[in-house]
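Protein chains in written order, with my numbering: chain A, 4 to 84; chain B, -11 to 773. Notes to accompany the following structure.
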């Protein structure tokens, strides 16, 4: 059950379109910045298969210039000594 | 059936809550990163957690990690800390946190948290009731003292001790047991800052405050990667640069870092030569007549000390500096060896860059703040380089006014509050030093112990304390809230020493570490907001936190562990407090040591209400800038500044020369080894490596190489490199063109990963004045593994 967050940069002038495009994808939450051309994207998929599908769809979003990963979590990983 | 269904429902609810928490952590991370990259960015549409659920209650605390002292709000649901947000009422961070802060509560809930006491029996650690372990500790303390003398027992704590932790440790060991064997790991991180303050001003801790950042035009970071080590302060600097048009950041360092990348100018110097460059800046300021003569004539005196002072690598090393007054002319002649052109040859810094720095400091229209931390403090001439940066500010009069600030940052949440102010170092008392009769009298009076109990002679500083453990002069040591079996330089000697048969090692901690590995007794400790306490941050701010959640199992606060042992040793009278109000009582007793306008501390009731209070706190007013009568109630000379720490009421400029490092690269060991930290991990990683997000971000240590050195060695990113010093070797993956890039001939290794004990390679040389080791400079060679 991976959870990721990203900083999404839109193509020039496409911030609103990008928000619409990303919000239309499953397992995605979008938080646009009020005063910059930047969007926070949070993805919360139920399993790795769905995660891979989503990754593929993200790559095809036309209004998206780039994605920078800021957070990653997977329930299966339990660090310790 | 019903029960099963309920359990199922609870599980679903818990998972949903946990899921929501993780999503909030993900959101927080993204927003924090965006804030660092785009100062002033706003996400108004992000809903607040409390508004969504209504189930989370929020309570204030200072962050558990670095010395910045960010105020956080801890979200608690069903008795569990589930969320963190920045405290908008805390002037330190104004609602912002870094990635460690946002994820900090997860450190409470690692799967291998220590919850029961353990005692080594026949070589194996066995769980026992904590009362049995405390009985054993008291018995061992008593018998060791009887057999081997009062100085055969020691306590070693840290800048993560709360103020009450350190206070009761000092009271028990110095006041009741009569030994000055009290030290803390802050000796390893800021002792040079203390001796720098003491020798230049006669009083410890910065004269300025974080508000300086909102006024300064120029920031010079002296060997200080603030972008990773003090990210919230760094963000404030960047925000100021964005908001105001006349702000510049100059990074002066031995390695390119994220701070260098964000700076307006990056200047690299050869290790140890910051001493020469600082002198060259002063030379240039005098040569160009940029001296603030009104300030210098009224408020400064000139001195020199001993030179060629050694490095402390041998046991029982002793050194005492001797100050000699000199004239300005003598000081000026001393600087003739440090013209920018001469220093260019020593330091590798172009003369024009030295002149550029001098011009910034020397321009009366610019307000300059200098920041430093480990780069200047972990230095075999750490006291000197602290003095030399003060010299620059004193020659130009850029001190103790908003924006003009030589600012020594600390690395731990209470290095200032506990170690420096309570005085948990061998020579210190809560007020003053053990060598001073009046200070001993004050301590004996407040502690209710005979004056003769307090030994007037300091015993062992940290490195010498572990050498004494190795030699057998110390037989019993109690280690709390720190992990010296990762952090001590020349580590192998001190680990072997701790393992010797007749040594008895007690460790109080929250997780298993290489230090608990050598313990005879492990005590499970309460962590951070599982207990009440206070920290003191870098800007003289004392920060109270209440107990917000319960500690797990039999875990107990370090303060209460010491009280339990003290009472078993017969000191009920000195430790009479109840569990209900012991923190308040301890604070009010401790506060008596600092009564008066120079260091008055806020009462307990005020600390409870506010997100930190800066001392001196006099007549309900905090002090932002010391030594300036507009702000500081202790100033009394009627002038525009009063450096009342020194008997001559002046700040001291010191003639301190450049002297080389204790060990430099040669034909056999041809690289510098520099060690340090990364933003994701706190110190030895014993907490942050148990936070999944942080652990996954940087799961293992690495060695940074310059790309050309890597090419010559024939290694690419991720390939294994063997690093060899005269003391040990370690093999670890290479990182090339990562977040940090060392200069040619240097490698950098972060120390957070206990799988790669880099301190087996480092040298236990230290500043002879501060006794702080140099973790930034020793010689190694490399092999492709």
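For each residue, glycine too, the CB sits at the ideal point set by N, CA and C.
Beta-bridge partners of residue i, as assigned by DSSP
| i | result |
| --- | --- |
| residue 9 of chain A | A:44, A:72 |
| residue 112 of chain B | B:109 |
| residue 255 of chain B | B:240 |
| residue 497 of chain B | B:512 |
| residue 529 of chain B | B:602 |
| residue 207 of chain B | B:237, B:357 |
| residue 769 of chain B | B:712 |
| residue 292 of chain B | B:312, B:643 |
| residue 659 of chain B | B:768 |
| residue 723 of chain B | B:692 |
| residue 794 of chain B | The question about residue 794 of chain B has no answer here: the residues shown for chain B are numbered -11 through 773. |
| residue 31 of chain A | A:46 |
| residue 703 of chain B | The partner list for residue 703 of chain B (beta bridge, DSSP) is empty, contrary to what the question assumes. |
| residue 738 of chain B | B:664 |
Burial state of residue i (16 or more Cβ within 10 Å)
| i | result |
| --- | --- |
| residue 0 of chain B | In this predicted model, residue 0 of chain B has a pLDDT of only 44, less than 50, meaning its place in the structure is not dependable; the value taken from the coordinates is given anyway. Counting Cβ neighbours within 10 Å, residue 0 of chain B comes out exposed, since fewer than 16 surround it. |
| residue 21 of chain A | buried |
| residue 597 of chain B | exposed |
| residue 64 of chain A | buried |
| residue 447 of chain B | buried |
| residue 128 of chain B | buried |
| residue 78 of chain A | exposed |
| residue 391 of chain B | buried |
| residue 165 of chain B | buried |
| residue 371 of chain B | buried |
| residue 486 of chain B | buried |
| residue 50 of chain A | exposed |
| residue 42 of chain B | Residue placement at residue 42 of chain B is flagged as unreliable, the pLDDT there being 48, under the threshold of 50; a coordinate-derived value is accordingly withheld. |
| residue 239 of chain B | buried |
| residue 88 of chain B | buried |
| residue 774 of chain B | Any question about residue 774 of chain B goes unanswered here, given that chain B covers just -11 to 773. |
| residue 774 of chain B | Residue 774 of chain B lies beyond the residue range present for chain B, which begins at -11 and ends at 773; the question has no answer from this structure. |
| residue 37 of chain B | Model confidence at residue 37 of chain B stands at a pLDDT of 41, short of 50, so the residue's coordinates are unreliable; what they give is reported in the following sentence. Classification of residue 37 of chain B: buried, given that the 10 Å Cβ count is 16 or more. |
| residue 277 of chain B | exposed |
| residue 39 of chain B | Its pLDDT being 38, under 50, residue 39 of chain B is placed unreliably in this model, and the value from its coordinates should be taken loosely. By the 10 Å Cβ count, residue 39 of chain B comes out exposed. |
| residue 333 of chain B | exposed |
| residue 315 of chain B | exposed |
Distance CB(residue i)-CB(residue j) smaller than 8 Å
| i | j | result |
| --- | --- | --- |
| residue 480 of chain B | residue 748 of chain B | yes |
| residue 374 of chain B | residue 180 of chain B | yes |
| residue 665 of chain B | residue 216 of chain B | yes |
| residue 776 of chain B | residue 760 of chain B | One cannot answer for residue 776 of chain B here, as it falls past the ends of chain B, which runs -11 to 773. |
| residue 237 of chain B | residue 229 of chain B | yes |
| residue 8 of chain A | residue 15 of chain B | yes |
| residue 599 of chain B | residue 78 of chain B | yes |
| residue 204 of chain B | residue 355 of chain B | yes |
| residue 36 of chain A | residue 30 of chain B | yes |
| residue 17 of chain A | residue 66 of chain A | yes |
| residue 736 of chain B | residue 474 of chain B | no |
| residue 613 of chain B | residue 225 of chain B | no |
| residue 638 of chain B | residue 287 of chain B | yes |
| residue 146 of chain B | residue 173 of chain B | yes |
| residue 521 of chain B | residue 118 of chain B | no |
Of the residues the options, the one placed nearest residue i, counting alpha carbons only
| i | options | result |
| --- | --- | --- |
| residue 337 of chain B | B:112, B:260, B:58 | B:260 |
| residue 55 of chain B | B:416, B:177, B:12 | B:177 |
| residue 289 of chain B | B:317, B:695, B:544, B:509 | B:317 |
| residue 170 of chain B | B:707, B:622, B:467 | B:467 |
| residue 711 of chain B | B:693, B:151, B:726, B:80 | B:693 |
| residue 427 of chain B | B:156, B:328, B:581 | B:581 |
| residue 516 of chain B | B:453, B:153, B:262 | B:153 |
| residue 530 of chain B | B:587, B:556, B:567 | B:587 |
| residue 84 of chain A | B:750, B:743, B:752, B:770 | B:743 |
| residue 729 of chain B | B:545, B:454, B:690 | B:690 |
| residue 498 of chain B | B:508, B:10, B:100 | B:100 |
| residue 258 of chain B | B:716, B:696, B:659 | B:659 |
Check: residue i C-beta below 7 Å from any heavy atom of the ligand MG
| i | result |
| --- | --- |
| residue 673 of chain B | No copy of the ligand MG occurs in the structure displayed, which carries no ligand at all. |
Margin query: Could you tell me which whole alpha helix (DSSP H) segments of length 4 or greater appear in the stretch 19 to 91 of chain B?
Written below: Annotation note: the stretch 19 to 91 of chain B contains the following uninterrupted alpha helix (DSSP H) runs of length 4 or greater, listed N- to C-terminal: 37 to 41, 87 to 90.
Runs of alpha helix (DSSP H) wholly within the stretch 363 to 413 of chain B (minimum 4 residues, chain order)
Here the runs fully enclosed are 370 to 383.
- [ ] Would you mind listing the beta strand (DSSP E) stretches within the stretch 575 to 657 of chain B that are 3+ residues and don't spill past its ends, in chain order?
- [x] The stretch 575 to 657 of chain B contains these whole beta strand (DSSP E) runs: 639 to 643.
* Which whole runs of the alpha helix (DSSP H) in the stretch 415 to 456 of chain B are 4 residues long or more, in chain order? -> Unbroken alpha helix (DSSP H) runs of no fewer than 4 residues, entirely contained in the stretch 415 to 456 of chain B, are found at 425 to 435, following chain order.
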